[in-house]
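Take a look at the structure set out below.
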Amino acid sequence: MRFWLLCCLMACVACTSRPYTVINKGIGGNSTSDLLARVEKDVVALRPDLVIMMAGTNDMVNSQKLVPFVQYAAQYRQLVRRVRQSGAAVVLVTPLPVDTGYLFMRHQRGLYDMDPNRRIDSARAVVQGIAATERVYCLDLHQVFVDRGEPGRTAASLIVNAANMGREDGVHPTAAGYQLIAAELYAYLKAHRLLRRHHRILCFGDSITYGAFMDGAGTDSGDTYPAVLKRLLDHSLK
Numbered sequence: 003m004r005f006w007l008l009c010c011l012m013a014c015v016a017c018t019s020r021p022y023t024v025i026n027k028g029i030g031g032n033s034t035s036d037l038l039a040r041v042e043k044d045v046v047a048l049r050p051d052l053v054i055m056m057a058g059t060n061d062m063v064n065s066q067k068l069v070p071f072v073q074y075a076a077q078y079r080q081l082v083r084r085v086r087q088s089g090a091a092v093v094l095v096t097p098l099p100v101d102t103g104y105l106f107m108r109h110q111r112g113l114y115d116m117d118p119n120r121r122i123d124s125a126r127a128v129v130q131g132i133a134a135t136e137r138v139y140c141l142d143l144h145q146v147f148v149d150r151g152e153p154g155r156t157a158a159s160l161i162v163n164a165a166n167m168g169r170e171d172g173v174h175p176t177a178a179g180y181q182l183i184a185a186e187l188y189a190y191l192k193a194h195r196l197l198r199r200h201h202r203i204l205c206f207g208d209s210i211t212y213g214a215f216m217d218g219a220g221t222d223s224g225d226t227y228p229a230v231l232k233r234l235l236d237h238s239l240k
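According to our numbering, the residues represented by the sequence shown are 3 to 240, in order.
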């Protein structure tokens, strides 16, 4: 009996001490349509244990990618079902708020049927609804950023602006913003006990996952949220 307990303990320790792999599969400009086109190659074929998916910013605020909510919901649900069918656990992340003043400097205001942040907020509700009906996990990062007063235009803002990075962007996080995203994800994964069994983690999404404007963009190094998450996971093994 003691030998059996010792074996179980050793197996548990070995499981929790396995190194983590974090794969960055973000591509700038991607909508849910684009993600569907590459989900087999960039997700299923890589056989991750867990997939973190953030999708919807382009569907909601990129004037060249706008889709109706019904289409967004259908495509998003299709993505979730395909990833879950592959055997991976799924964590959905709600899209972040944007600075519409900066947005309208690049996109014609008349192309939007409602305020872009209202579209983003509606997409957030869609994501939360899909998470509930498909029984997958969901982290409401949108609310985390709103509660911190984002988007702002000061140097301390967590979203890129003229004061902190010299760019009138208003969509993508700063390095500090990515650190917050990674910290929130790490805490969420830990709280929901998703770290013990899921060591191969794939981050799937658009330019926010990719890490626009960041060192190490598109990788698991530098200042992207997958990179910061990887460092947090590696530290947890020490």
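Just so it is clear, CB atoms sit at the ideal spot from N, CA and C, and this is done for glycine as well.
Integer-rounded CB distance, given that I122 should sit under 8 Å from P99 = So it is a contact: roughly 6 Å between Cβ atoms.
List the residues that DSSP assigns as beta-bridge partners of A91.
-> L52
Is it right to say Q77 is buried, meaning 16 or more other beta carbons lie within 10 angstroms of its own, or is it exposed?
-> Flag for Q77 reads buried.
Closest residue to Q66 among L38, R84, R108 and L37 (Cα-Cα distance) = R108
To which residues of the same chain is S124 closer than 7 Å at the C-beta, ignoring the five residues directly before and after it?
-> Correct list, in chain order: F71.
Which residues bound the alpha helix (DSSP H) around T102?
-> T102 to R108
For A90 versus L141, is the C-beta distance shorter than 7 Å?
-> no
Note down the Cα distance separating T18 from D217, rounded to an integer number of angstroms.
-> The predicted model places T18 with a pLDDT of 48, which falls under 50 and marks its position as unreliable; any figure quoted below should be read in that light. Approximately 30 Å, taken between the alpha carbons.
CA-to-CA distance, P118 to Q110, given in whole angstroms = 12 Å
Where in the segment 113-189 do unbroken runs of the beta strand (DSSP E), each at least 3 residues long, occur, reported from the N-terminal end onward?
-> Listed in chain order, they are 139-141.
Provide the residue span of the beta strand (DSSP E) that contains T23, from first to last.
-> T23 to G28
Let me know if H174 comes out buried or exposed under the rule of 16 or more other beta-carbons within 10 Å of its beta-carbon.
-> buried
Indicate the three-state DSSP secondary structure (helix, strand or coil) for R202 in the structure shown.
-> strand
For V146 versus Y180, is the C-beta spacing smaller than 7 Å?
-> no
Straight-line Cα distance separating R126 from D61 = 12 Å
Take C205 as the anchor and find which of Y190, A157, V93 and M167 has the nearest alpha-carbon.
-> V93
Is S238 buried or exposed, if buried means 16 or more other CB atoms sit within 10 Å of its CB?
-> exposed
Where do the ends of the alpha helix (DSSP H) carrying T211 lie?
-> S209 to Y212
Go ahead and label G28 buried or exposed: buried means 16 or more other beta carbons lie within 10 angstroms of its beta carbon, across all protein chains shown.
-> Under a 10 Å Cβ-count criterion, G28 is classified as buried, with 16 or more other Cβ atoms of the shown protein chains found around its own Cβ.
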